[in-house]
Amino acid sequence: MCTVFVSIDPDSAVPVLLLSVRDEYTDRRWLPPGCHWPDQPDVVGGLDLDTGGTWLAVDPSSGLGIEPVAACLLNGFGHTADPHQRLSRGRLPLIAVSGEPIAGEALKRYDPFHLVVARPSGVHVVSWNGSSVEDTELPAGLSVVLNDGMEGQAGSGACPPRIRTTMNARRAYFRARLQAVARPEPTVGPPEGVWGEWLPIALGDGLPPDDPAALIRRLVSPTGRVWGSVSLSMVALSPEQVRYDFGTVPDSGPSPRIVLAGA
Numbered sequence: 002m003c004t005v006f007v008s009i010d011p012d013s014a015v016p017v018l019l020l021s022v023r024d025e026y027t028d029r030r031w032l033p034p035g036c037h038w039p040d041q042p043d044v045v046g047g048l049d050l051d052t053g054g055t056w057l058a059v060d061p062s063s064g065l066g067i068e069p070v071a072a073c074l075l076n077g078f079g080h081t082a083d084p085h086q087r088l089s090r091g092r093l094p095l096i097a098v099s100g101e102p103i104a105g106e107a108l109k110r111y112d113p114f115h116l117v118v119a120r121p122s123g124v125h126v127v128s129w130n131g132s133s134v135e136d137t138e139l140p141a142g143l144s145v146v147l148n149d150g151m152e153g154q155a156g157s158g159a160c161p162p163r164i165r166t167t168m169n170a171r172r173a174y175f176r177a178r179l180q181a182v183a184r185p186e187p188t189v190g191p192p193e194g195v196w197g198e199w200l201p202i203a204l205g206d207g208l209p210p211d212d213p214a215a216l217i218r219r220l221v222s223p224t225g226r227v228w229g230s231v232s233l234s235m236v237a238l239s240p241e242q243v244r245y246d247f248g249t250v251p252d253s254g255p256s257p258r259i260v261l262a263g264a
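Counting in the working numbering, the sequence shown runs from 2 upward without gaps.
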């Protein structure tokens with residue numbers, strides 16, 4: 002149940018803000034953000050050790066008129082790819098920040114997804130349900146992207162009702178909370194200073210992990226396998242620079258620990 006909050010203010014010194022929560026099985030192996038891909042040496046992202054891809058990639062390069070770019074992946078619902086031809090969706094953020102289009106026959110080799118591609122000049126979301134693709138430009142203001150699409154409105158029949166309920170609870174609660182406080186303009190300094198009132202909200206806003214609206218979740222399956230929020234990313238994009246703050250969720254509790262991990 003990954004979630005991405007996107008704030009766009011074209012008149013701000015920092016026009017685009019991303020707040021992304023990654024939900025996953027906690028035993029899936031990964032490394033925190035770094036420059037993990039020799040063929041894309043400037044790209045920063047967490048590394049999925051199972052597939053070699055990532056869930057969020059940032060290219061801070063801004064020389065020669067090239068804008069900084071970030072791409073964030075969410076799994077979607079719909080028709081899955083042929084298992085004999087399937088490619089890992091973790092490749093998609095790396096493709097997006099390289100500037101290559103996400104389209105054509107190659108899409109059929111990916112399971113459904115939503116890919117948020119953000120630049121200081123604008124943000125769009127590429128959504129693939131296994132049979133058709135949509136490319137949606139986001140408006141100014143606060144938007145929420147969920148596993149069931151923009152604002153959770155894709156209406157996929159493959160989305161279980163209980164998941165839709167919790168997604169919508171999370172969306173409604175945290176949209177209201179983020180809109181109720183001053184929008185930050187993160188530049189240089191410790192996270193506690195530059196993200197302002199957004200930071201304690203991003204850390205979960207005090208909700209327990211079993212609350213239907215919780216941003217930071219923990220669930221234990223009958224087999225004992227733990228699923229929940231494993232990391233938090235906060236990205237600020239301006240024409241001159243990118244700020245990328247990254248937090249992990251310790252197994253001992255529901256609150257992320259934020260550390261600066263990017264440019």
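Glycine residues also receive a C-beta, built at the ideal position from the N, C-alpha and C atoms.
- When secondary structure is reduced to three states using DSSP, residue 120 falls in the strand class.
- Cβ neighbours of residue 93 within its own chain (closer than 6 Å, five residues either side excluded): 74, 116.
- By the CB criterion at 8 Å, residue 229 and residue 251 fall outside the cutoff.
- The beta carbons of residue 129 and residue 91 sit about 14 Å from each other, so the pair does not count as a contact at 8 Å.
- Of all alpha-carbon atoms in 159, 126, 164, the one lying nearest the alpha-carbon of residue 144 is that of 126.
- Of 83, 89, 68, the smallest CA-CA separation from residue 56 is found for 89.
- The Cβ atoms of residue 139 and residue 168 do not sit closer than 8 Å to each other.
- Residue environment analysis places residue 4 among the buried positions, since at least 16 neighbouring C-beta atoms fall within 10 angstroms of its C-beta.
- Take residue 173, set aside five residues on each side of it, and the residues of its chain with a beta-carbon closer than 8 Å to its own are 214, in chain order.
- Contact between residue 219 and residue 227 is confirmed by a C-beta separation of about 7 Å, below the 8 Å threshold.
- Closest option to residue 236, judged by alpha-carbon separation, among 40, 26, 71: 71.
- Counting other Cβ atoms within 10 Å of its Cβ, residue 19 reaches 16 or more and is therefore classed as buried.
- For residue 72, the enclosing beta strand (DSSP E) stretches over residues 70 to 76.
- If you look at residue 111, you'll find it isn't in any alpha helix (DSSP H); DSSP assigns it neither H nor E.
- Excluding residues up to 5 positions away in sequence, 48 lie with their Cβ nearer than 6 Å to the Cβ of residue 37 in the same chain.
- Positions of the beta strand (DSSP E) runs, each at least 3 residues long and wholly inside the stretch 197 to 253, are given as 219 to 221, 227 to 238, 243 to 249 in order along the chain.
- From the listed residues 225, 162, 234, the smallest Cα separation to residue 192 is found for 234.
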